[in-house]
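J.:
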Amino acid sequence: MQKWVQDYVAAQKAALDSIPAGQVAELIKVLSKALKDDRQVFCFGNGGSAANCSHFATDLGKGSSDKIGRRFRVLSLNDNVSWMTALGNDYAYEDVFVRQLENYGRAGDVALSLSVSGGSPNCVKALR
Numbered sequence: 044m045q046k047w048v049q050d051y052v053a054a055q056k057a058a059l060d061s062i063p064a065g066q067v068a069e070l071i072k073v074l075s076k077a078l079k080d081d082r083q084v085f086c087f088g089n090g091g092s093a094a095n096c097s098h099f100a101t102d103l104g105k106g107s108s109d110k111i112g113r114r115f116r117v118l119s120l121n122d123n124v125s126w127m128t129a130l131g132n133d134y135a136y137e138d139v140f141v142r143q144l145e146n147y148g149r150a151g152d153v154a155l156s157l158s159v160s161g162g163s164p165n166c167v168k169a170l171r
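Taking our numbering, the leading residue of the sequence shown gets 44, the next gets one more, and so forth.
1. May I have the straight-line CA-CA distance separating W126 from S119, to the nearest angstrom?
2. Express the C-alpha separation of S163 and G90 in angstroms, rounding to a whole number.
3. Span of the beta strand (DSSP E) holding A135?
4. To the nearest angstrom, how far is it from the Cα of K8 to the Cα of I111?
5. Mind checking which residues open and close the beta strand (DSSP E) that includes L118?
6. For D80, which of D109, D152, A58, Y136 has the nearest alpha-carbon?
7. Please report how far the alpha carbon of V84 lies from the alpha carbon of Q55, in whole angstroms.
8. Would you kindly report the start and end of the unbroken alpha helix (DSSP H) that includes A150?
9. Take the Cβ of A100 as the centre, count every other Cβ of all protein chains shown within 10 Å, and call the residue buried at 16 or more, exposed below.
Right, dumping it as structure tokens:
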């Protein structure tokens with residue numbers, strides 16, 4: 044059991060060490076500008092990444108806003124199942140996010156996709 048714990052801790056440290064700090068700093072700048080300019084932040088993904096987007100939207104919209112005294116305008120595009128399934132059924136699954144952005148998004152808003160592979164057609168299409 045002790046070896047398992049040591050291996051787990053080593054894997055977690057390696058994962059944290061692999062995070063590109065410069066890219067995280069750039070994301071913080073983008074989100075800070077969105078807050079300052081009162082822009083909408085949209086987050087979306089598939090599977091576990093969809094759940095992470097919901098959690099991200101909650102934490103950014105409520106948790107961080109409580110601490111800084113301003114509210115982020117943030118929405119997970121995964122959270123309206125009827126909207127997603129209608130778009131997937133009537134158009135194509137690869138359109139479930141881009142069509143929501145066409146409806147809700149404005150120039151200057153931020154679209155953020157979480158993805159393990161980085162190649163999900165519905166996420167890639169929405170970010171174009």
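Using N, Cα and C, we set each Cβ at its ideal position, and we do this for glycine too.
T.: Once the coordinates are examined:
1. 12 Å
2. 11 Å
3. That residue, A135, is in no beta strand (DSSP E); it is neither H nor E in DSSP.
4. This structure gives no information on residue 8, because the portion of the chain shown stretches from 44 to 171.
5. 116-119
6. D152
7. 29 Å
8. Run containing A150: none; DSSP gives neither H nor E here.
9. buried
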